[in-house]
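Read the structure below first, then the notes.
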Amino acid sequence: MFKYKDLLAIEVPLRSILKARKPVLCLALLLCLAAAPESLARDQRNSRCLESALRKIIRNTSSNYKVRSLEEMKELRIATYNLLNLREHVGKYRYAPDGTLVMKGAPKQAELEKLAGKATAIREIGPDVLIAQEIEGGLETLQRFADEELDGAYNAYLTVGNDGRGINIGFLVKKDLPLTVELETHRDLKWLDPTRPGKAVSPLYSRDLPVMILRTPGQPKTDNPLLVVLGNHSKSMRDRPGDPGSVILRKAQADKTAEVVLTYRRKFGDDARIVLGGDFNTPVESNEMLSLTGNGLSEAFTVSKNQVAPKNRVTHTFHPRDGPRELNQIDAFYVSPGLSKDVSRTWVYRYKNKDGIPLPLPRTYDQRELNPSDHYPLVMELDFQPILKKFKAEQGLP
């Protein structure tokens with residue numbers, strides 16, 4: 029069986045083939061990969077594989093992406109996806125005495141298939157911007173995933189937050205997108221937990237509320253940006269002492285997030301184009317979310333030009349031991365008034381079988397465990413030219 033190191037040993041001649049644009053040789057290379065999917069797919073003893081190595085070689089051969097023209101972009105596609113404990117190295121882990129994770133065994137085939145399934149979903153969606161949750165570790169984890177599994181097509185951005193497990197919120201931005209990125213964090217925001225009287229203040233956000241400010245190249249930071257994107261990952265529904273379901277904490281997080289969005293609207297103007305997306309860990313119709321819509325934000329499905337039935341908005345299934353399954357939309361996009369008329373389409377990606385046919389929603393926990401993640405990716409498409417037109421008018425550009 030070929031391994032990653034075997035292919036890297038012949039990287040130079042392979043790159044020569046690709047650079048020379050030899051169609052017969054390139055076709056032969058692809059046929060070799062397709063001819064033996066079981067043996068070439070992934071080596072259980074190594075988190076890297078032949079497919080990953082091929083992607084790396086092709087990426088190194090054509091690393092100069094042709095930057096798109098904003099004037100030619102019809103849409104801007106943004107997705108949010110909980111990647112379920114994305115780690116830098118797939119495998120079995122244990123907690124060391126100091127609390128760090130240490131690999132203790134090679135990955136199982138199922139783990140490798142889940143990693144491949146996540147990458148397949150993202151490649152099929154083709155987002156310009158991805159808001160990703162549950163990145164275990166730091167920036168390196170997300171960038172490696174993008175490099176090895178997503179053809180090196182994305183730059184990763186991440187600020188480490190407060191989570192005790194070390195899971196973070198990150199962003200992936202396509203390299204051919206002609207925008208500059210500025211990151212801001214809200215991990216240091218505090219609150220006084222009413223369930224812990226007399227206790228000192230503690231971090232409000234379980235992870236963070238990272239903000240990505242997108243501007244055109246050369247645009248001064250003092251100018252209003254083209255777009256502001258906030259990434260969310262609210263507290264889970266696990267009970268806290270004195271806070272069943274963590275409702276109190278999650279509502280406090282949503283309330284503060286609404287205030288943060290208002291702060292950006294005051295800073296950049298009422299028409300500022302702001303997107304809040306992520307995993308909210310509660311149904312969008314719950315009372316905890318009212319502060320978001322009550323402060324001028326619109327949930328994307330409610331303003332999207334396409335109509336989507338509630339059953340097709342489900343992004344998460346829950347399977348209690350003593351009750352029926354629960355189907356909910358707990359992943360969402362919220363947009364400011366400056367974008368509410370520009371949402372052309374909102375949809376939920378469904379995982380597929382080997383024949384490319386969408387799989388039904390899992391009926392049991394065991395069925396859900398077969399999916400790449402316990403969440404489904406959510407996608408929002410924006411009509412980009414009206415956005416660009418308004419932005420240029422603000423900048424006094426033709």
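Counting the sequence shown from 1 gives a position; the numbering used here is that position plus 28.
C-beta atoms are modelled at their ideal positions from N, C-alpha and C, and glycine is treated no differently.
Proximity of residue i and residue j at Cβ, strictly below 8 Å
i    : j    : result
V188 : E212 : no
F419 : T108 : no
I358 : H347 : no
G194 : N252 : no
L258 : L320 : no
K249 : E210 : yes
R105 : G154 : yes
D179 : H214 : no
N315 : M265 : no
N334 : T374 : yes
C-alpha gap between residue i and residue j, whole angstroms
i    : j    : result
R49  : R278 : Confidence in R49 is poor, its pLDDT being 46 and thus under 50, which makes the residue's placement unreliable; the coordinate value appears in the next sentence. Roughly 54 Å separates the two Cα atoms.
N410 : S372 : Residue identity differs from the one stated: residue 410 is Leu in this sequence, not Asn. Distance between the alpha carbons of L410 and S372 is about 5 Å.
A69  : A144 : Unreliable placement is indicated for A69, whose pLDDT of 42 sits below 50; the coordinate value is still reported in the next sentence. Spanning the two alpha carbons is a distance of roughly 10 Å.
L290 : N113 : 31 Å
P352 : P206 : 47 Å
G270 : P222 : 9 Å
I241 : G198 : 13 Å
H403 : G424 : 42 Å
E313 : T330 : 12 Å
E164 : P426 : 44 Å
Q72  : R391 : Because Q72 sits at a pLDDT of 38, beneath the cut-off of 50, its placement in the model cannot be relied upon, and the following sentence gives the value as read from the coordinates. Spanning the two alpha carbons is a distance of roughly 29 Å.
E99  : E422 : 16 Å
A280 : Y93  : 42 Å
A64  : P245 : The pLDDT assigned to A64 is 46, lower than 50, so where the model puts this residue is not dependable, and the model offers no usable value.
I276 : E354 : 22 Å
P231 : K382 : 44 Å
I415 : V256 : 13 Å
Y377 : N356 : 14 Å
V229 : Q137 : 44 Å
K417 : Q247 : 16 Å
D191 : D307 : 15 Å
Residue of the options minimising C-alpha distance to residue i
i    : options                   : result
L254 : E141, Q281 and R293       : R293
P185 : V157, P206, D179 and E176 : It should be pointed out that residue 185 corresponds to Tyr in this sequence rather than to Pro. Of the listed residues, the one whose Cα sits closest to Y185 is V157.
H261 : Q247, A282 and R243       : A282
R268 : I415, Q413, K94 and R224  : R224
T285 : T310, E313, L217 and G424 : L217
E139 : A421, A174 and S401       : S401
D394 : R349, Q413 and N356       : R349
M101 : A421, K417 and Q413       : Q413
G366 : V342, N340, L416 and D299 : D299
E176 : R151, N196 and P155       : R151
K380 : K369, N399, T374 and S368 : N399
E397 : K136, Q137 and K142       : K142
R96  : K202, R301, V376 and G226 : K202
E168 : Q247, L200 and T208       : L200
Residue i, buried or exposed, once every other Cβ within 10 Å from all chains shown has been counted against 16
i    : result
V407 : buried
N110 : buried
A337 : exposed
A160 : buried
A149 : buried
A174 : buried
Q171 : buried
P272 : exposed
A220 : Sequence check: residue 220 is Leu here, not Ala. Exposed: under 16 other Cβ atoms inside 10 Å.
V363 : buried
D204 : exposed
G226 : exposed
G322 : exposed
K263 : buried
At a cut of 8 Å, does the segment 384-392 reach the segment 318-333 through at least three beta carbon pairs? no
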